[in-house]
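>
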Ligand code: GDP
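In UniProt numbering, the protein residues as written are 47 to 344.
#1: Alpha carbon to alpha carbon, what distance is there between residue 132 and residue 336?
#2: Measuring only the C-alpha atoms, how far is residue 139 from residue 197?
#3: Could you tell me whether any non-hydrogen atom of the ligand GDP is closer than 7 Å to the CB of residue 268?
#4: Helix, strand or coil for residue 208? Go by DSSP, reduced to three states.
#5: Any chance the CB of residue 331 is under 7 Å from a heavy atom of the ligand GDP?
#6: Note down, in chain order, each residue of its chain lying with its Cβ closer than 8 Å to the Cβ of residue 183, except the 5 sequence neighbours on either side.
#7: Note down the Cα distance separating residue 83 from residue 97, rounded to an integer number of angstroms.
#8: Can you tell me which of 129, 74, 125, 115 puts its alpha carbon nearest to the alpha carbon of residue 107?
#9: Once you ignore the five residues that flank residue 203 on each side, which residues in its own chain have a CB closer than 6 Å to its CB?
#10: So does the stretch 239–253 actually touch the stretch 266–276, counting three or more Cβ pairs closer than 8 Å?
#11: Considering residue 295, what are the terminal residues of the beta strand (DSSP E) in which it resides?
#12: Give me the residue from 157, 237, 171, 239 with the minimum Cα distance to residue 201.
#13: Closest to residue 148 by CA distance: which of 307, 273, 297, 265 is it?
#14: For the pair the stretch 323–336 and the stretch 109–120, tell me if three or more CB-CB distances fall below 8 Å.
#15: Which of the three DSSP states is assigned to residue 152 in this structure?
#16: State whether the stretch 304–321 contacts the stretch 282–295, with contact taken as three or more CB pairs (one from each stretch) at a distance under 8 Å.
#17: Can you give me the C-alpha to C-alpha distance between residue 144 and residue 322, rounded to a whole angstrom?
#18: Mind checking residue 53: buried by the 16 CB within 10 Å criterion, or exposed?
#19: How big is the Cα-Cα spacing for residue 101 and residue 289?
#20: State the start and end residues of the unbroken alpha helix (DSSP H) segment that holds residue 95.
#21: Using a threshold of 8 Å, state whether the C-beta atoms of residue 129 and residue 339 are closer than that.
#22: I think residue 224 touches residue 257, with their Cβ atoms under 8 Å apart; what is that distance to the nearest whole Å?
#23: Can you find a heavy atom of the ligand GDP that lies under 7 Å from the Cβ of residue 297?
#24: What residues in its chain sit with their C-beta under 8 Å from that of residue 206, if we drop five residues either side in the sequence?
#25: Could you tell me if the beta carbon of residue 246 falls within a distance shorter than 7 Å of some heavy atom in the ligand GDP?
#26: By a C-beta neighbour count over all protein chains shown, 10 Å radius and 16 as the cutoff for buried, is residue 159 buried or exposed?
#27: Tell me the DSSP secondary structure of residue 270 in three-state form.
#28: DSSP three-state call for residue 322: helix, strand or coil?
#29: For residue 194 and residue 300, what's the separation of their Cα atoms in angstroms?
#30: Taking 7 Å as the cut-off, does the CB of residue 235 come closer than this to any heavy atom belonging to the ligand GDP?
#31: With distances taken from CA atoms, which of 320, 228, 273 is nearest residue 173?
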């Protein structure tokens, strides 16, 4: 299930009623393009991306009369084109353990996503170890243990408030000893104290690199689709804190438009490895650009 258009028929609204028997048509002129642009901004694409999408649709078509169906198709194709290059599952390496660092603000869905991913990896025959690296939030650690149980994956925890880097070290040692395929490390998401968080993440990376200079092999940034344009700021912030290699967008099952994904793809080009579509363990889908574009356009 991909995001439902929040404002269904937005494209249709650009056209008015028309005759009953025939779909209304409108010339692609400046007025129409301006309305289209507004509509895309409302749908969370952001001004820059909305302008670019509109310009691409206009190119070579000015003055042409289009129906609502035709415009939807043009729009969906343009959005799918932008998204095609970022739709990529999490790359798996033969490296053991492949270390996946998971970052994002609190509440974005890190814990849930780690549980879902662990379950998918298990189903694919991979052995997984999880490290509950947000050692300050007891609730996050407990949540992760619940997810570990559901996924059938061991979760390494440390005393509350202890150094996450030392837990990361222990988790590396264990994952190596067990020959685990993947080690997923949860991290804190306290953006209120950015300097602190930056040092904490840097220390985790430093420590695991002592055991594997190429680790972490992936740094996943988990974003909440319901935060809309704020997701763009989060990418900018976390790219300064960590070497973000890919994104997971959660909560695309709700009322979220998901339009911000287009802006993210256009602006950063980071791969979208998966999307969260619910709170259950199986609610993590591959990102499908064409389904997504069609659902967004409505
Ligand atoms: P964390 O603080 O980043 O670890 O976030 P959590 O994993 O604890 O998730 C925060 C809340 O969002 C929880 O109530 C989750 O059930 C919920 N959540 C996470 N992913 C999704 C999703 O894809 N869809 C929905 N509807 N809820 C989600």
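For glycine and all other residues, C-beta sits at the position ideal for the given N, C-alpha and C.
Computed from a predicted model, the values in this text were never measured in an experiment.
Once the coordinates are examined:
#1: Walking along the chain shown from the start, residue 336 turns up at place 290. Walking along the chain shown from the start, residue 132 turns up at place 86. Cα to Cα, the separation comes out at about 12 Å.
#2: As a working mapping, residue 139 is identified with position 93 in the chain shown. As a working mapping, residue 197 is identified with position 151 in the chain shown. Looking at the two C-alpha atoms, the distance is approximately 21 Å.
#3: The residue you call residue 268 lines up with position 222 of the chain shown. Flag set: Cβ of residue 268 near the ligand GDP.
#4: Walking along the chain shown from the start, residue 208 turns up at place 162. Correct three-state label for residue 208: coil.
#5: By 1-based counting over the chain shown, the position of residue 331 is 285. The answer is no for residue 331.
#6: By 1-based counting over the chain shown, the position of residue 183 is 137. The residues 152, 234, in chain order, have a CB closer than 8 Å to that of residue 183 in the same chain once the five nearest residues on each side in sequence are set aside.
#7: Here the question's residue 83 lines up with position 37 in the chain shown. Here the question's residue 97 lines up with position 51 in the chain shown. Looking at the two C-alpha atoms, the distance is approximately 6 Å.
#8: As a position in the chain shown, residue 107 is number 61, starting the count at 1. The candidate whose alpha carbon is nearest that of residue 107 is 74.
#9: Along the chain shown, one-based indexing puts residue 203 at 157. For residue 203, where only same-chain residues beyond five positions count, the Cβ hits under 6 Å are 178, 187.
#10: no
#11: For the purposes of this step, residue 295 is identified with residue 249 of the chain shown, where counting begins at 1. Taken as a continuous stretch (DSSP letters only), the beta strand (DSSP E) holding residue 295 covers 292–296.
#12: The residue you call residue 201 lines up with position 155 of the chain shown. Here the closest residue by C-alpha is 157.
#13: As a first step, residue 148 is located in the chain shown; it is residue number 102 there, counting from the start. Here the closest residue by C-alpha is 265.
#14: no
#15: Translated into positions along the chain shown, residue 152 becomes position 106. In this structure, residue 152 counts as coil in the three-state DSSP scheme.
#16: yes
#17: Here residue 144 refers to the residue found at position 98 when the chain shown is read from its first residue. Here residue 322 refers to the residue found at position 276 when the chain shown is read from its first residue. Residue 144 and residue 322: Cα-Cα distance of roughly 22 Å.
#18: Here residue 53 refers to the residue found at position 7 when the chain shown is read from its first residue. Only weak support is given to the placement of residue 53: the predicted model assigns it a pLDDT of 47, under 50, and the value that follows is read from those uncertain coordinates. Flag for residue 53 reads exposed.
#19: Position 55 of the chain shown holds residue 101. Position 243 of the chain shown holds residue 289. Cα to Cα, the separation comes out at about 33 Å.
#20: For the purposes of this step, residue 95 is taken as residue 49 along the chain shown, with counting starting at 1. Residues 93–104.
#21: The residue given as residue 129 occupies position 83 in the chain shown. The residue given as residue 339 occupies position 293 in the chain shown. Yes, they are a contact pair.
#22: Numbered from 1 along the chain shown, position 178 holds the residue referred to as residue 224. Numbered from 1 along the chain shown, position 211 holds the residue referred to as residue 257. The beta-carbon distance between residue 224 and residue 257, rounded to whole angstroms, is 14 Å. This is too long to meet the 8 Å contact definition.
#23: Here residue 297 refers to the residue found at position 251 when the chain shown is read from its first residue. Within the cutoff, so yes.
#24: Working through the chain shown from its first residue, we reach residue 206 at position 160. Counting only Cβ-Cβ distances below 8 Å, and skipping sequence neighbours, we find 181, 182, 184, 187.
#25: Numbered from 1 along the chain shown, position 200 holds the residue referred to as residue 246. False, no ligand heavy atom lies under 7 Å from that Cβ.
#26: Locating residue 159 in the chain shown gives position 113, counting from the first residue. Answer is buried; the Cβ neighbour count reaches 16.
#27: For the purposes of this step, residue 270 is identified with residue 224 of the chain shown, where counting begins at 1. In the structure shown, residue 270 sits in a strand (DSSP, three-state: E or B).
#28: Here residue 322 refers to the residue found at position 276 of the chain shown. In the structure shown, residue 322 sits in a strand (DSSP, three-state: E or B).
#29: Position 148 of the chain shown, counted from the start, is the residue given in the question as residue 194. Position 254 of the chain shown, counted from the start, is the residue given in the question as residue 300. Their Cα atoms are separated by approximately 25 Å.
#30: Within the chain shown, residue 235 is the residue found at index 189, counting from 1. Answer for residue 235: yes, Cβ within range of the ligand GDP.
#31: Here residue 173 is taken as the residue at index 127 of the chain shown, counted from 1. Among 320, 228, 273, the Cα nearest to that of residue 173 is on 228.
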